[in-house]
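A short worksheet on the structure shown next.
Protein chains in written order, with this note's numbering: chain S, 1 to 268; chain U, 1001 to 1260.
The following block contains the structure:
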């Protein structure tokens, strides 16, 4: 992909582009996050990939062993005022957290995820406030942040996407996914969060038209790709073929996002 | 009997729940299907149709509206004014084969109440306090395992952990099994869904070695039903995927003979 990828030149120094991805479970949020993160990294941006999902999908798709990547317990502390009674340890700055606990991928993406000790006594949700705080406070110029949110309307309901300047709603052209997209859009509108729909696993123009008609403005459509799907059997999401439909769709989507967000400039 | 269904988002929990609930109901048992997903769509899988499903009112929303009206809402006792059985009696919608469907909490109107005493607490109360001696409760939980911890099933309950042969969903299943062990659950099954090859089954056995695995083959007809917003029981009742879930229902009923 890197050969074909355009270069991002940061024409808006001082800015960070923060994206959140939401949608029904299985709609393809994590795949979309992974494709975007890699595309921005290939274009020259520094990328922080944040997994705010309590399931460890993003680490796996980026090619990181989820057991190597949790935010450790030492990074959080009890805090009665926090939503789940836990928060980022006081004195820890977002930049320090990223530098200290972020896990780099081969492409140079920095990954940060929730702690993976998901048990009744130490549930993953304890880490949510800490990651949210990092998402809010990390504002390094020239970086792109891609945040993968938990399935369904729960996270928008709790306004997790507020860290982002732009939220992508991943919708597959199937009734359950469309219903979720409608519910999520209504909450995002209420939150005044700028957002648009991305059609996932599209099997043709009819899918995009259906989602646009039933959910709302579509700014991108990522086709179903059997090879990418197959790569998910065992771990790291494979890179799409450079001249293939998925890579082209991601290029177009990145271009649109940059244009909407006034971030950088894609030079083909 | 109570059956909770968990797993990663998109692995087919709701499809399994829908076929399971209706299959059990066809044996003459009283079945309550509990849609515990704040993005509810169990109604679609049960064959109620997309429009009917979208129109359903959730228990938490009603309770919170009542509470707001009477100013009696508190975080400690979110539902003190009504018993779960009364709520189900009042609010359940009858789906095909006589399954009664309730939703614990939807998120349609933002910023009303909080989830801790809305959908999540309602799930715990409905799942644990609903009378289940003479009937079968089938609860379709929210994606991921936080909702499993919220539902807090007890050792006598059945837990189905649904997974695809893909690594991300297997990882969620692995975590769900850890929680199941912590909760001392005894009847725990992994439902391997959309299996395409013997290698898929092998991968599940290798990565979840302790699990009791029940297999459901990949079934394009079920995907088609899903895209049409219909129950595969109504569109393709003899397809391999449907038959496999029906076998799971028979297996569970056999394992737990208390209902006779």
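Don't be surprised by glycine CBs; every beta carbon is placed ideally from N, CA and C.
| Check | Outcome |
| --- | --- |
| Residue 1168/U at chain B interface by Cβ criterion, 8 Å | This model lacks chain B altogether, as its protein chains are S and U. |
| Interface flag, residue 7/S vs chain U, CB-CB below 8 Å | With a pLDDT of only 43 at residue 7/S, under the threshold of 50, the placement of this residue in the model should not be trusted, and no figure is reported. |
| Inter-residue CB distance, residue 47/S and residue 109/S (contact presumed, cutoff 8 Å) | 5 Å |
| Residue closest to residue 1255/U, alpha-carbon to alpha-carbon, out of 1168/U, 1181/U, 1123/U, 1186/U | 1186/U |
| Short-range partners of chain U found in the region 221–234 of chain S, where Cβ spacing is below 9 Å | 229, 232, 233, 234 |
| Buried versus exposed call for residue 262/S [16 or more other C-beta atoms within 10 Å across all chains shown] | exposed |
| Local conformation of residue 1169/U per DSSP, three classes | helix |
| Bridge partners - residue 113/S, DSSP secondary structure assignment | 51/S, 70/S |
| Separation of residue 168/S from residue 183/S, as counted between CA atoms | 14 Å |
| Whole-angstrom C-beta distance between residue 1213/U and residue 1192/U, which should lie under 8 Å | 6 Å |
| Beta-ladder partner(s) of residue 166/S, from DSSP | 19/S |
| Residue 1103/U burial status per 10 Å Cβ neighbour count (16 or more: buried) | buried |
| Proximal residues to residue 38/S (C-beta, below 6 Å), its chain only, five neighbours per side dropped | 107 |
| For residue 252/S and residue 220/S, the rounded distance between their alpha carbons | 7 Å |
| is_contact[residue 1008/U, chain S] using C-beta, thresh 8 Å | yes |
| Residue of 124/S, 31/S, 196/S minimising C-alpha distance to residue 86/S | 124/S |
| Under 8 Å between C-beta atoms of residue 16/S and residue 212/S | no |
| Positions along the region 21–44 of chain S whose CB lies within less than 8 Å of some CB in chain U | 24, 25, 26, 27, 30 |
| Contact check, residue 170/S vs residue 198/S, beta carbons under 8 Å | yes |
| Closer than 8 Å to chain U by CB, residue 125/S | yes |
| Where residue 151/S meets chain U, residues with beta-carbon distance less than 7 Å | 1009, 1143, 1144 |
| Bridge partners - residue 1002/U, DSSP secondary structure assignment | 1137/U |
| Extent of the continuous beta strand (DSSP E) to which residue 221/S belongs | 218–223 |
| Exposed unless 16 or more other CB atoms sit within 10 angstroms - verdict on residue 1073/U | A caution first: residue 1073/U carries a pLDDT of 45, below 50, which makes its placement in the model too unreliable to give a value. |
| Beta-bridge pairing of residue 89/S - partner residues as DSSP gives them | Residue 89/S pairs with nothing; no bridge assigned. |
| is_contact[residue 1194/U, chain S] using C-beta, thresh 8 Å | no |
| Assigned exposure category for residue 91/S - 16 Cβ within 10 Å defines buried | exposed |
| Limits of the unbroken beta strand (DSSP E) element including residue 1033/U | 1030–1035 |
| Interface residues of the region 1173–1184 of chain U facing chain S [CB-CB below 8 Å] | 1175, 1178, 1179, 1182, 1183 |
| Proximal residues, the region 63–80 of chain S versus chain U, C-beta separation under 9 Å | 66 |
| Three-state secondary structure assigned by DSSP to residue 271/S | There is simply no residue 271/S to check, as chain S begins at 1 and stops at 268 in what is shown. |
| Neighbourhood of residue 1084/U by C-beta, 7 Å cutoff - its chain only, sequence neighbours within 5 removed | 1125, 1126, 1129, 1130 |
| Proximity winner among 130/S, 210/S, 20/S, relative to residue 218/S (alpha-carbon distances) | 210/S |
| Boundaries (first-last residue) of the alpha helix (DSSP H) holding residue 101/S | 94–101 |
| Counted within 10 angstroms of its Cβ, other Cβ atoms place residue 225/S as buried (16 or more) or exposed | buried |
| Option in 1023/U, 1014/U, 1009/U with minimal Cα separation from residue 1251/U | 1023/U |
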